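Structure, as structure tokens:
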Amino acid sequence: MKKVAIIGGGASGLLCAIYCARKNLSVDLFEQNQKLGKKILVSGNGRCNITNEHLSSDHYFSQDPKFTNYALDNFGLTAFSKFCKSIGLLLNIQDDGKVYPLSNEAKSVLTLLETQAKNLGVNIFVNSKVTDIKKILLKYDAVVIATGSEAASHLGGGSDGLEFARVFAHNIIPTYPSLVQLETDAKFLKKMAGVKIKGEVTLLINNQVEKITQGDILFTNYGLSGFAILDISQSVSIALSEYQSVQVSLNLLPNFNAQKLSAHILSASKEIQHITLHEILCGLVPQKIANSIIEHLNLEEHRSHIDTKLSKKIANALLNLRLNIDATHGFRHAEVSGGGVDVSEIDPKTMESYKQKNLYFCGEVLDVVGERGGYNFAWAWASAYLAAQSISITKIC
Ligand SMILES: Cc1cc2nc3c(=O)[nH]c(=O)nc-3n(C[C@H](O)[C@H](O)[C@H](O)COP(=O)(O)OP(=O)(O)OC[C@H]3O[C@@H](n4cnc5c(N)ncnc54)[C@H](O)[C@@H]3O)c2cc1C
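Here you go:
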């Protein structure tokens with residue numbers, strides 16, 4: 049019987065193990081952590097955004113995003129839903145295309161994957177960190193590197209897979225944190241820590257508009273978080289690695305234009321008796337933001353006389369709050385990593401290495417990273433499926 053070793057008991061490793069075992073192969077799955085699938089458990093804030101209805105290479109970053117086409121076509125939403133049903137997992141497709149387990153719990157995804165793997169006879173070895181890839185390759189007919197990326201080291205993120213690839217002279221595309229919070233040294237922001245608003249973020253690289261996103265912006269002690277920030281973080285990470293200047297402009301009141309907002313500030317100050325600047329701002333934004341804007345613009349809090357020039361200045365600070373971005377919050381806090389094993393050295397139809405026979409890569413260890421929205425799991429599932437299919441039809445030689 050063909051013997052397969054899978055290194056990594058995360059999303060791609062588990063799915064690959066199940067498909068190999070379904071073809072009656074002997075499967076040993078090695079996981080360094082005490083438990084399998086730690087990232088699955090925390091994903092999507094505990095809900096697991098498991099895939100997306102709108103899969104295509106347009107949602108991926110890589111030296112060659114089209115590399116993902118074959119895998120996504122072969123194991124898209126329909127095939128994946130069928131697989132999920134076969135392990136007892138039903139899915140819920142949201143209006144925005146994001147797909148979650150019907151239970152709304154990441155835990156059910158991991159439980160059903162793990163149970164299925166065990167029931168099929170996959171030998172699961174936890175607390176088993178693989179260190180010697182050559183030794184493993186000698187012992188097994190096929191080896192799958194499903195070790196994930198450097199993102200979130202506390203959940204098992206690391207660079208072992210890249211080191212294994214280097215042993216076979218694979219080229220590694222430099223890695224960088226993505227879907228990650230951003231750091232800024234703007235001191236006044238610290239006072240806004242903990243406040244979350246719905247706003248608009250414009251990313252400026254070398255003073256040129258690169259991207260605009262809308263959604264949650266969360267102010268933190270170190271800088272900025274929230275979905276609208278994560279959605280620009282891929283471009284930020286790349287720009288910073290190329291030593292470009294990165295700024296964001298935050299629009300804290302996207303439903304106003306500058307004229308309307310400054311007119312409101314001016315009329316409130318004239319028409320509402322004794323109203324202070326602080327009070328006017330509190331009518332527009334959370335108090336912590338109001339205080340910080342006053343500090344940022346060096347305006348004394350109780351200033352009552354507001355002229356046109358000042359109302360425009362305040363409106364501009366609320367609609368175009370410019371911040372320099374110094375760094376991302378790093379791999380430890382990132383959801384995913386860009387870069388990885390160069391996909392030009394991997395067969396897109398099988399995930400087998402062109403450099404080493406019977407060696408396969410799947411998931412995030414490859415130079416493929418997706419946008420937020422379930423695209424990263426989608427890649428893990430689809431690439432793992434191809435590896436398993438190929439392993440199960442390749443004859444032992
Ligand atoms: C907080 C957070 C939230 C996320 N939410 C989502 C989401 O909602 N939707 C989405 O699409 N994506 C999400 N992601 C990304 C998603 O989790 C990953 O893209 C996906 O898990 C990658 O699958 P993988 O199999 O390649 O790697 P992983 O799932 O990371 O699995 C790799 C496994 O290999 C093990 N390993 C590493 N080296 C060795 C070794 N030498 N020996 C043995 N074992 C080893 C690791 O411990 C790990 O368990 C999230 C990530 C994080 C951190």
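Terminal number for the sequence shown in the numbering used here: 445, no gaps in between.
For every residue, glycine included, the Cβ atom is placed at its ideal position computed from N, Cα and C.
These figures come from a predicted structure and were not determined experimentally.
Leaving out five residues on either side along the sequence, give the residues of the same chain with a beta carbon under 7 Å from the beta carbon of residue i.
i	result
VAL157	ILE88, CYS96, ILE98, LEU137, PRO149
ASP374	GLU231, THR232, ASP233
PHE128	THR99, TRP429
ASN219	ASP390, GLU393
ASN364	ALA306
GLY124	LEU103
ILE354	ILE313, LEU314, SER317, LEU325
LEU160	ILE135, GLY136, LEU137
LEU347	LEU325
Leaving out five residues before and five after residue i in sequence, what residues of the same chain have Cβ atoms less than 6 Å from its Cβ?
i	result
PHE78	ILE55, PHE173, SER176, VAL178
ASP112	VAL391
SER74	MET49, LYS51
ILE141	GLU101, VAL147
Would you please state the rounded distance, in angstroms, between the beta carbons of residue i and residue j? I believe it to be under 8 Å.
i	j	result
PHE267	GLY247	That belief does not hold up - the Cβ atoms of PHE267 and GLY247 are roughly 11 Å apart, past 8 Å.
VAL384	ASN424	5 Å
Any C-beta of chain D sitting closer than 9 Å to the C-beta of residue i?
i	result
GLN229	This model lacks chain D altogether, as it is built from one protein chain only.
Select from the options the residue whose C-alpha is nearest the C-alpha of residue i.
i	options	result
GLY182	GLY421, ILE337, GLN404	Going by the sequence as given, residue 182 is Lys instead of Gly. Taking only the C-alpha atoms, the option nearest LYS182 is GLN404.
CYS330	LYS166, LEU300, GLU383, ILE277	LEU300
GLU448	GLY145, LEU139, SER315, ILE220	The structure shown does not extend to residue 448, since the chain is modelled only from 49 to 445, so the question has no answer here.
GLU419	GLU162, ASP189, HIS107, ASN171	HIS107
LYS238	PHE131, ALA338, THR356, ALA69	ALA338
PHE109	ALA199, ASN117, ALA311, VAL417	VAL417
SER359	HIS381, GLY386, ALA311, SER281	ALA311
THR195	LYS336, LEU278, LYS86, ASN406	LYS86
GLY274	ILE265, GLN282, ASN368	ILE265
VAL296	HIS322, ILE320, ASN255	ASN255
Measuring only from the beta carbon, is residue i closer than 8 Å to any heavy atom that is part of ligand 1?
i	result
ILE55	yes
ILE88	yes
GLY274	no
GLN80	yes
GLU153	no
LYS183	no
LEU227	yes
Is it buried or exposed, residue i, if we count other Cβ atoms within 10 angstroms and call 16 or more buried?
i	result
HIS202	exposed
GLU343	exposed
SER285	buried
TYR402	exposed
ASP36	The question about residue 36 has no answer, for the chain in this structure spans 49 to 445.
LYS166	exposed
TYR224	buried
ALA217	exposed
LYS146	buried
What does a CB cutoff of less than 8 Å around residue i pick up in its chain, not counting 5 residues either side in sequence?
i	result
VAL333	ILE245, LEU300, LEU301, ILE341, LEU366
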